[in-house]
Amino acid sequence: MNDAIITVFWLIVVCIISFILLSLHLLWKKSQEEHRRTTIDHYKNKTESAWYDYFINDGELIESFIPKQREEIIGYEELANVYVTSLTATHTAEKLHYIATQYLHDYYKKLLNSSRRSNRLNALSRIEDYGNIEVLKECKWVQKEEKEKEECILLLSIYSKYDESTFKQLLFQYQSILTEFDCRILFNHLSFSVLTSFFAHFNEFESHLKYALIDTVSNKHTFEAIPYLLELVHDDDKEIRIRVAKAIYDLGIEEEAFCVELSESETWEERLMAAKLARYVKFSKSKPILFRLLEDMEWRVRVQAAQTIARHNEGRASLETYIMTATDNYAIEAAQEVLRKEGDWSWIG
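Each residue of the sequence shown is one higher than the last, beginning at 3 in the working numbering.
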């Protein structure tokens with residue numbers, strides 16, 4: 003019994019000592035963080051006006067204010083972030099690049115070669131901001147094949163802005179770990195010429211890259227891509243055909259033959275795109291297609307066909323005549339719904 007009491011006593015003592023040591027450690031960590039924050043804020047308060055004058059007013063660079071210690075560099079990064087996110091002036095970007103290349107090169111190189119993931123990500127984020135990609139060429143970590151997804155995306159984002167040739171190489175290397183959303187974001191940084199150049203390697207891409215490329219040239223209204231899109235209208239992948247149709251529609255291109263082909267598809271999504279594309283085909287040619295689609299089995303196709311018909315100059319009159327003579331109740335309902343939204347109630351039964 004006494005042994006049990008003694009054991010419990012010592013357990014309590016150990017717990018109390020552990021609690022005290024943990025509390026002291028946390029207090030020390032808090033004190034260190036407060037001191038670190040004070041040093042950062044002191045640097046910012048001392049140099050903020052000078053950096054503003056340098057970046058905005060073409061003032062002189064004050065050598066003594068150039069950050070050297072880690073806390074000073076963090077303070078500088080916080081100040082520089084204002085100019086990265088708020089300003090797009092070329093001379094400001096050049097100065098940010100100059101400071102990073104001339105004075106912070108070794109600091110970012112050390113972070114990139116760090117075993118800590120957070121350090122590497124921080125360095126990559128700053129390199130993306132300042133464009134000092136020269137440091138990447140000297141970094142052993144960049145040459146390694148094994149990287150985490152977030153690191154790969156940041157590298158691609160950097161090269162998409164500052165080195166499109168390297169971006170192309172890495173895109174093929176990393177494509178399997180990227181999502182379609184990732185690819186869209188990356189493609190948005192690229193010039194029209196680079197985007198269209200990817201169509202030469204289209205068959206080498208995985209599906210999600212293909213989809214992202216088609217959607218991006220559509221969203222960016224890249225008319226230079228039209229010949230490449232037209233080469234894909236008979237692709238075996240249904241999703242590619244649908245996205246190509248959407249891209250052609252968004253670009254406002256008249257493609258009567260493609261419209262006819264889609265209207266006869268067994269897939270309702272393709273027939274839906276046919277109803278949309280018919281908007282750019284002369285009504286005298288698209289009318290038979292549209293009224294056939296108005297009687298489609300899929301209600302979304304019927305409604306879209308009615309909407310496209312109504313957009314043409316003779317469309318409203320054609321819908322009104324159709325309502326009076328047709329026997330397909332579902333098609334009549336779609337036509338009536340479109341006319342109702344147009345503000346004409348006279349043909350509603």
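Yeah, the Cβ is synthetic: ideal placement off N, Cα and C, and Gly gets one too.
Fair warning: this is a prediction, and the values are worked out from it, not measured in the lab.
Inter-residue spacing [alpha-carbon to alpha-carbon] between residue i and residue j
i	j	result
ILE334	ILE325	5 Å
SER348	GLN309	A caution first: SER348 carries a pLDDT of 48, below 50, which makes its placement in the model too unreliable to give a value.
VAL246	THR92	36 Å
TYR148	PHE174	The sequence given here has Glu at residue 148, not Tyr. Approximately 15 Å, taken between the alpha carbons.
HIS203	PRO229	15 Å
GLU271	LEU172	34 Å
LEU215	LEU232	14 Å
LEU121	TYR45	Checking the sequence shown, residue 121 turns out to be Asn, not Leu. In a straight line, the C-alpha of ASN121 is about 22 Å away from that of TYR45.
ARG186	LYS163	14 Å
ARG304	VAL196	39 Å
GLN338	ARG128	58 Å
ALA95	TRP53	13 Å
LEU24	ARG39	22 Å
ASN205	ASP165	23 Å
ARG118	ASP239	42 Å
LEU192	THR323	50 Å
ILE8	VAL15	10 Å
LYS212	GLN71	46 Å
Residues near residue i by beta carbon distance below 8 Å, same chain, minus five either side
i	result
LEU123	GLU152, GLU153, LEU156
Proximity below 7 Å, CB of residue i to CB of residue j
i	j	result
CYS261	LEU234	no
LEU81	GLU50	yes
ASN252	SER220	In the sequence on display, residue 252 carries Asp and not Asn. Contact: yes.
THR41	GLU73	yes
SER159	GLU130	yes
TYR161	THR168	yes
VAL426	ALA312	Within the shown structure, residues of the chain are numbered from 3 to 351, placing residue 426 beyond reach of any answer.
HIS99	ASN134	yes
ARG352	SER286	Since the first residue of the chain shown is 3 and the last is 351, residue 352 is not available in this structure.
CYS141	LEU106	no
THR269	GLU226	no
ALA319	ALA277	no
PHE201	THR224	no
PHE57	TYR85	yes
For residue i, the first and last residue of its enclosing alpha helix (DSSP H)
i	result
ILE187	182-189
MET275	270-279
CYS141	CYS141 -> no alpha helix (DSSP H), and no H or E assigned at all.
ALA125	119-132
LYS149	No alpha helix (DSSP H) contains LYS149, which DSSP labels as neither H nor E.
LYS112	107-114
ASP217	209-221
PHE169	166-176
SER286	285-295
GLN71	Here GLN71 belongs to no alpha helix (DSSP H), and DSSP marks it neither H nor E.
THR329	Note, THR329: premise wrong, no alpha helix (DSSP H); not H, not E.
PHE204	Here PHE204 belongs to no alpha helix (DSSP H), and DSSP marks it neither H nor E.
THR198	194-199
GLU258	258-265
LEU232	228-232
ILE255	Where ILE255 is concerned, there is no enclosing alpha helix (DSSP H), given that its DSSP letter is neither H nor E.
ILE311	301-313
Neighbourhood of residue i by C-beta distance below 7 Å, restricted to the same chain and skipping five residues each side
i	result
GLU263	none
ASP55	GLY61
THR103	ASN134, GLU136
ALA116	Going by the sequence as given, residue 116 is Ser instead of Ala. So the list reads ARG122, once near-sequence residues are dropped.
Residues of its chain near residue i, where Cβ-Cβ distance is below 6 Å and the 5 sequence neighbours each way are ignored
i	result
LEU29	none
ILE76	ILE42
SER288	ALA280
GLY351	Confidence at GLY351 is low in this model, with a pLDDT of 39, below 50, so its placement is unreliable and no value can be given for it.
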